[in-house]
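Residue numbers (the working numbering), protein chains in the order written: chain A, 3 to 186; chain B, 395 to 930; chain C, 753 to 1258; chain D, 5 to 105; chain E, 382 to 997. No residue lacks a Cβ here, since even glycine has one placed at the ideal position from N, Cα and C. In this text the structure is predicted, and so the values were computed from the model without any measurement. For reference, the structure discussed in these notes is given below.
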Amino acid sequence: MDVLFIIFAVLTVVPALLMVVSRNPVNGAMFMIISFVGMAALFVLLEAFLLAILQVLVYAGAIMVLFLFIIMLLDMDEVEKIKPGTVTSIASGISLALIIVGVAVLLGSDGLAGQSVAHLAAAPDFPSADNPMGLALSAKAYGFGLFTKYMLPFQLTGVLLLVSMIGVIIISKKRETSQGQEQS
Amino acid sequence: MVFDSTLLLLAILIPLLGGFTLLGFRNLSSSVVRLVALTGFTVPLLIAVWLYFMFVGADQVDGYRFLTELDTGLSFFGINLTLGLNGVSLPLFFLAGIVGLAAGIHALHSEAANRQLYLSLLLIMQAGLMGTFASIDIFFFYFFHELALIPTFVMIGIWGGFGRRSAAIEMTIYLTLGAMLSLLGLILLYNASGVDSFNLIAIREYLLSQPLSDTLQNNIFGLLLFGFGILVSLFPFHSWAPRGYAAAPTAAAMLHAGVLKKFGLYGLIQIAYPLLPQGAGHWGPLLVWLALGNVVLIGLITMAQRDLKQMVGYSSVMHMGYCFLGLVTFDAIGVGGAVILMFGHGLSVALLLMLSTAVFHRTQTYDMKEMGGLASRTPILAGMFVAATFASIGLPGFANFWGEFAIFVALWHYNPWVMAIAATGIVISAIYGLRAVAWVFFGKPSEALEEHWRENKPFELRQGERLAATLLFSGLFVIGFFPRIFSDYVDMDLKPYFSSEPPALVQSVDPVEIQSEVLVADVATVESTVSGEGAR
Amino acid sequence: MNLEVFKQISDTNRWGLLLPEIYLVGLALILLVFEMLFRRQDLLLIVRVAIWGQVLLLGLMVLQYLEGFPTGSVTAFSGLLTQTPATEVMRLFFVAGSILVSFLATTYLRRQNLPRTEFFAITMLITVAMMVLVQSSQFVLFFVALETVTIGFYVLVAYCRQSPFSLEAGLKFLILGALSSAILLFGIVFLYGVAGNPALPGHVADSMNFADLASFIAANPTNPLVLIGTCLVLAGVAFKVGAVPFQIWIPDVYQGAPTPVTAFLAVSSKAAGVFVLLTLVRGPFASLHSFLVPLLSTVAVLTILFGNLTALPQRNVKRLMGLSGIAHAGYLLVGVVASMTVDWAVYAVVFYLITYLLASFGVFGVMIQMAGDDDSDQEVDHYEDLGQRHPFLAGVLTVGLGSLAGIPPLGGFIGKLLIFIAAFQAGLYGLLAASIIGVVISIYYYFGWIREAVFRVWRSPEGSPAQEGASTFTVSTVEIVTLGGLSALTIGIGIFPSLVDCLMRL
Amino acid sequence: MTLSLNSFLFVSGLLFAIGFFGVLLRRNVLVIFMSLEMMLNAAILALIAFSRFNGTMDGNLFVFFIITVAAAEIAVGLAIIVALFRKRQSVMVEQLSSLKN
Amino acid sequence: MDLNTLMVLILMAPLLSAGVIALFFRDRGGIASAISVCASGVILVLSILLLMNAPEQPFESSIEWFSLGGFTISLGFLLDGHTHLLLFVVSFVGFWIHLFSIGYMDDDKAKARFFGGLSIFMFSMLGIVLADNLAMIFIFWELVGFSSYMLIAHYCDTDEAAAASKKAFIVNRVGDLGFLIGIVWCFWKFGTLNLSEINWAVQMDPSLVVTGLGLLLICGFLGKSAQFPLHVWLPDAMAGPTPISALIHAATMVAAGIFLLVRIDALLSPFVLEWIAWTGAGMAFIAGFVALGQNDIKKILAYSTLSQLGYMAAAVGIGLPGLGLFHLTTHAFFKALLFLCSGSIIHACHHEQDIFKMGGLLKKMPITSIAFLAGMFALMGANYTAGYWSKEAIMTAAFAIDGPIFWFLIGGAVLTALYMGRLFLIAFLGKPRTDKVKHCKESGPVMILPLLILGVLALVGGFYTFWPEVLSQSFFSEVNNVYHGEEFHHAHETLKIWGTVAWISGLVIAVLIYGVGSSTDRLNAKLPGLVLVFRRRLFIDDIYDFYVAKIQQRVADTLGFFDLFLISGVMVRGSAGIAGLLGVFSRSLHVGSVHGYVYWFLLGIVLFWAFSMGWF
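Here it is, written out as structure tokens:
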């Protein structure tokens, strides 16, 4: 498990870093896909199989393809002509270090009493020795969850999608320049 | 009784309605405008007069008469529109009526562009003024003040003179600062008092039995003092006043300098001093210095002025110093003197501002060194100006004198040296006042002026101006000759809260038989009943 | 697998509580259908349906509340949704805001030649999301609603797509908004993780539920993950509210956005943020009193001072409104801080929001009338002589700005008064001092604007260049009635603030 | 050594930091946008880890919503970027600063 | 009519007259003058009526006028011997001067204002006389100051009158400042301001008399009676019409200072009395010199007034206030006469006031000249004229009580004769030197009559033993004592000779120096430096002018500058400017770049976290 975790973690983090620093956006997008896939693997380690698949399908598949598509569409696949300025680099580097230090400090503070999977207590939703009926691993569980407890946010997501759909149409739609929209 | 109480409300509502009528309905015929405005300005004064005569017999609660109360929707916080008058607010209510009518008459006869708007703003201001001095609820006390204050800014901005734009902004910001500070003080008082009411009577009753802690008193008093102080142009927070008055249109300046400015002092007298005696004592020494700054430093600065209106503005700042000194004494003599001085000063400064404008109309300049020789050309204007100047420098026979005199008397008891320094003000004010008269009216006109007059002969005061001035003068004279008209009531309502120890009398049987008379019999009876209450 | 549990959960999904929201969604859909059916045939119809439909909703809600305003709180949707009297008021508030935005948009869109139906639809959907947002009492719903609002605003800000300013503003809002969403989300995740952690004492089952979270935090107030989670969540909300240091986007976005959207952002979005903050600090984070009070106080002071000071030299009125809005957020934060100790301060904040809505929409209404072809270029100087050209608009502007500045007898004053009283009762003297300074500074720019609009009146009788603008806009009767109504309400609420009593008795 | 919660969180934190770093460093709006997605994913990773360790489903369910939101956000965002590119012929943030002061 | 009503009527008559004139007859000079003169006639009649009914004992009555806290001002009358005398002087002299004014002002455009002013003056002056307490005295004290101001400024188109009126009021205010402080002190010390109560208290406990209090109270006297260092206003006040100079600045108002001293005599400690005596004596002497340097007929008389007031003050100072009052009375007769004569001359000569431009008036205006001579002799103290009795008495007393003072006084007597002689020799003798004088004629009866009446009084008014008792009671015993008392016997004998020698020698010196009818100032030709010092009034006015222009005004200007610069500039504008700068700075933070904004977020998170860690 540890080895796997380290491999997946490296597979996630390194491409992420490469994505950020690569000066060609297409390369960046590619690295990002790799990173997402690595992350999906980490999901698997966490027993979230459905989400791992979704991660690959939606993120690595749909979303990143959309990105690549736009990059190509806008004809931006050349290298950024100007390198980030020294000040920008230093400042953002410092920020990076700051956040990492912050995360380290946070995790070092042991607010979670250093749990590990092996030491999990009886979990209400997940199957374990004490609770073989844990639902969490099945796709059905997601269905129940979404359609009962999370029905309202689920419906609201519909509104969200409607809004974004209208939005995309409005922003992208080519409009007749001479609309006779007078008089109301 | 109900009728009289309603009158108090009407004194606010009628000008307010008039103001909104003029504001809302444009293009009214000029006679309608005139009628509405005159009604709006006259009714409050008539009500004030009526209530004065009804005052003695009226029922009272804690010194307040004509009580009336309305719920305006803030009763959760104990805020109700509570109106009433006591001996201290009566003179100021009256003052607001007189100056308001005078300013109204002046405005009606002025040539301001868009006079309808001008009058409507003035009416709103008038409503605010009447409300301020009739409010017992300290929230509405503040509220009405602001209601009156806002039109001032607008009027300065629209009809003001030279430098009005910056003056209006400066004045607005400065006065808002003062108002906010005092608002904080009032809220803090409300909070600290723990009666859950903004009603002054309730707060008084509670606090007199359970005074606040010293620190709290000091803090609240500090807020109120500096908040109100800014509004009253306490040194060194005075710089808005001369500039503001110089820039303001006459009627607005009359109302502001004459009446509205007294709000701060009134607040200190009615609220801060009686309720926070410890705080008053704490801030007293500092206030003395500042007030002396008002009297002496500002007095000297006034002497340096060349601009007539600035001079009037500075002089009004100076006289406010006396009022503060009166308060500092914490003695019914000094505080009562301050009230009388407020009344007198209100009338005299309104007069001076009005006449200064009249002078300007004849000379087209405010530079006093550029004037001269008006006295023989416009004797009435000159006579009135001279009289107003003398009123403002405290000549006996005018109301101001009694105030100043009483303040000096009380001040000696507080500290003879302070009194001696403050008294130099009577010389300083004489110097600048008479010099202004000499520059403007006496001697020979400057060449430029002579040139100007060749084309435009200087004309006498117009009917409207005369009427307004006469109104103001009559107030000054009546109180100047019969100060007891107000002083008895003032005394009566100050005694319970301020020290009123007679001096260590070398009391004795008189060697000469003194035949004394009582001027007003019923006043004496009132006094005796009140002194009974004061002991409570 | 215990289906009974799910059945019970399902039973708490009382959709009846959300009728207004459903109505609005339906209205939006109807509009879109109309757009398809009567394409370009009867544009007036869409406007009418949109506005009158919402007015009808408002009327119905008011009618319902007149019969009996709900007291006490109702929790439904298995704890995701909690309705309290305050949220009911906020729902009314959002519907009113939506109506006014639609109203402003009618004029604006006609002038800018932009499609309307979509705008109305998005506005209504955002309103729905905001209404849900203020009622949500669980982070999932909270997040989804918040994101719906945010994404809707991305669209609205960039709505004027022929204008590079609008698009640029949209993009800036997008990047910063997404960043803040990420931050907020991380905070939620931390809280979720730590509160549900079985290894910790007092862990709870539904660790994203506000009530459960509150009990957990009460048990573990110093847990570092709780603290960082709280910080991140607050940072995300602070972005919505526009509190320092998350206020920096506001002027740019406000300037670039179409004016009705600016109004929508300034009023409804901010109100939603403030109310959410109220819910959070009084709910889940209530036990973190000792660190939230100094934190929020500092933020409030900075916000007040930053907003007011920055607005001082500002001449672009849209940026000015944005910056002054930051200052108002600061005053509202004072109320929020006070509400941690003084219960009724919630209603003080709500009342403040109401007066802010009335005044702001008045001002924005005038701005829309005054806007030229380039919507983002509206300078204070353009208002010169407005009093002469259009006294009515000048009056509305004056009342609105006066109320924003907090001048009696206008509504804004009462709002500030209540906040101050609350702050006093909570003993927040430093905040009061900052508020005073802020109010005093704000006088300068508000009055500077009024001065520009009003003070030069009747000074230059001869035709100045500004004179030509006189005929370029005419204000329709409906607009006069609406703007006049806003002003009248602002004055009325200042003179007879009986609304305060109503609120306080809830 | 077994898999600890902290290790997942650390990875998540790293990703979040890298995302932030990208937002700060890059000038290309698209890449910035991608970095933002990276930050969202970092949150998702942490969420799933917590969900697993807490033993509650809510975290996993929340991920659904997050992904939906992210998708919608990206759709709108890309639309705006494209529209802006058409106006300005650039996606560099330096060129997108006509609104200032 | 009872006394109270009488007194109220006496006080109200002029006030009513002034009010009626101010309200209705501003433009009707004729009617106004008639009203005013009638009022003064009424006063005279009522006063005489009052005096005839005057009670033996001092009479007091008062009503409460103003009351706050423990402080009360009453409006009350005190009727005693002093009041009787002053009441008579004021109403009698006042009436004749009113009458004279009709003639003098007949061609003046602002006649109504003049007569209104006169009435106000009468009102205020009578108020002082009748007042029973210090506060009331102060009130009327200020009012006479105001009426004096108003009347000096009568010819307000001239810069001279403008400056003089201002100066008069302000200098008086300086005196009143001390007076006011004294009154307030008095109130807290005695608990009352009533004169008789104070007197009584002092009698009970003489330790109550404090030097400081006395010094403050006499400030009022110094100002009103124009004694050093507040004497500078009186000569300038001659810019007003001559009847005013006669009534206010010679006969009555300036004498009110002496009256005040008499009223508060009990409060004056020996040190204060000493001070008063020396001030008076000094003024009696020095003013004579300055008079020598003046060419304006009225200025000469003004300095002689200063000098005579010095005599009165000296009398009070040496402890015999009765003598002061006696001299006050006779002085009122002859000095009013002198001024009226000069008024008659000025009126006839079309406002020519320079004595060197006159000459030969004796022939042109015989009656006036004779009246003038009568007044002049009385002023010099020529034997058995009115002035002789009073002035001689003062010098006698001084001789007996305080030697050095006497020498000053006798010096003053010589000088009086000298400058009056100079005046007479130059202005009345010789030939007319200008056209104005050549064409002048004797004045009409309305002006002559007062001259005659007062002239007779100036000659015979000093026979105090023939006075009705009601008038002389306040000084009779003291004066009688000086002339017939044992301890003054030697002094009286000596003075009989010395006094006569003094005025005769003065006249002789005048003839020797100036000759008869000279057209130039011969002393000036011989000793120009000395005369310059006299003419410049010993440079005291210059010192004041220097103070006003160079010190006071500069202090004011500097403060004004600081007010503009420090308070409205640095403090108010400065804080506004700082706010503005901060605003410009914070505004510049909006760089427009997304990157810049993201750092804010980072900063914000760090800030929030720092708070959560409790670092703040």
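Quick check on the DSSP output: the alpha helix (DSSP H) that includes residue i runs from which residue to which?
i, result
"S650 of chain E", "First-last for S650 of chain E: undefined, no H or E at that position."
"N474 of chain B", "Here N474 of chain B belongs to no alpha helix (DSSP H); instead the beta strand (DSSP E) covers 473–479."
"T546 of chain B", "532–553"
"V956 of chain C", "Taken as a continuous stretch (DSSP letters only), V956 of chain C belongs to no alpha helix (DSSP H), as it is neither H nor E."
Following the continuous beta strand (DSSP E) through residue i, name the residue where it begins and the one where it ends.
i, result
"S443 of chain E", "440–449"
"F460 of chain B", "458–468"
"Q835 of chain C", "833–835"
Do residue i and residue j have their CB atoms nearer than 8 Å?
i, j, result
"Q520 of chain B", "L422 of chain B", "no"
"L524 of chain E", "L468 of chain E", "no"
"L746 of chain B", "F835 of chain B", "no"
"F502 of chain E", "Y530 of chain E", "no"
"I786 of chain E", "A658 of chain E", "yes"
"G713 of chain C", "V1252 of chain C", "The displayed coordinates of chain C run from 753 to 1258. Any statement about residue 713 of chain C would go beyond what the structure contains."
"P1046 of chain C", "I969 of chain C", "no"
What whole-angstrom Cβ distance do residue i and residue j have, given they're in contact under 8 Å?
i, j, result
"G1059 of chain C", "A1090 of chain C", "G1059 of chain C to A1090 of chain C, Cβ: 19 Å. No contact."
"A1174 of chain C", "L1183 of chain C", "Actually they are not in contact, since the Cβ atoms of A1174 of chain C and L1183 of chain C sit about 10 Å apart, beyond 8 Å."
"S894 of chain B", "A726 of chain B", "4 Å"
Using the beta-carbon of each residue, which ones in chain C are nearer than 7 Å to residue i?
i, result
"I85 of chain D", "L923"
Run through chain B and tell me which residues come within less than 7 Å of residue i, C-beta to C-beta.
i, result
"V565 of chain E", "F802, V803, W806, M813"
"M1256 of chain C", "F470"
Going along chain E in order, which residues have a C-beta closer than 7 Å to the C-beta of residue i?
i, result
"T982 of chain C", "S993"
List the residues of chain A whose Cβ lies closer than 9 Å to the Cβ of residue i, in chain order.
i, result
"H998 of chain E", "Shown here, chain E extends from 382 to 997; a query on residue 998 of chain E therefore has no answer."
How would you list, in chain order, the residues of chain D whose beta-carbon sits under 8 Å from the beta-carbon of residue i?
i, result
"G30 of chain A", "V35, M38"
Since residue i meets chain B, which of its residues come closer than 9 Å, beta carbon to beta carbon?
i, result
"G1200 of chain C", "I563"
Practice prompt. Count the CB pairs spanning the segment 675–683 of chain E and the segment 824–840 of chain E that are closer than 8 Å, and state whether there are at least three.
Written response: With a cut-off of 8 Å, the segment 824–840 of chain E and the segment 675–683 of chain E do not count as touching, because too few Cβ pairs lie within range.
Item to complete: Could you say if the segment 805–814 of chain B and the segment 557–571 of chain E meet the contact criterion of at least three C-beta pairs nearer than 8 Å?
Response: yes
Worksheet item: So does the segment 745–756 of chain E actually touch the segment 683–696 of chain E, counting three or more Cβ pairs closer than 8 Å?
Response: no
Item to complete: Determine, using beta-carbon pairs with one atom in the segment 658–672 of chain B and one in the segment 791–799 of chain B, whether at least three such pairs fall under 8 Å.
Response: no
Worksheet item: Is the segment 400–417 of chain B touching the segment 427–435 of chain B, taking contact as three or more C-beta pairs under 8 Å?
Response: Under the 8 Å Cβ criterion, the segment 400–417 of chain B counts as touching the segment 427–435 of chain B, having at least three qualifying pairs.
Worksheet item: Between the segment 991–1010 of chain C and the segment 942–960 of chain C, are three or more C-beta pairs nearer than 8 Å?
Response: no
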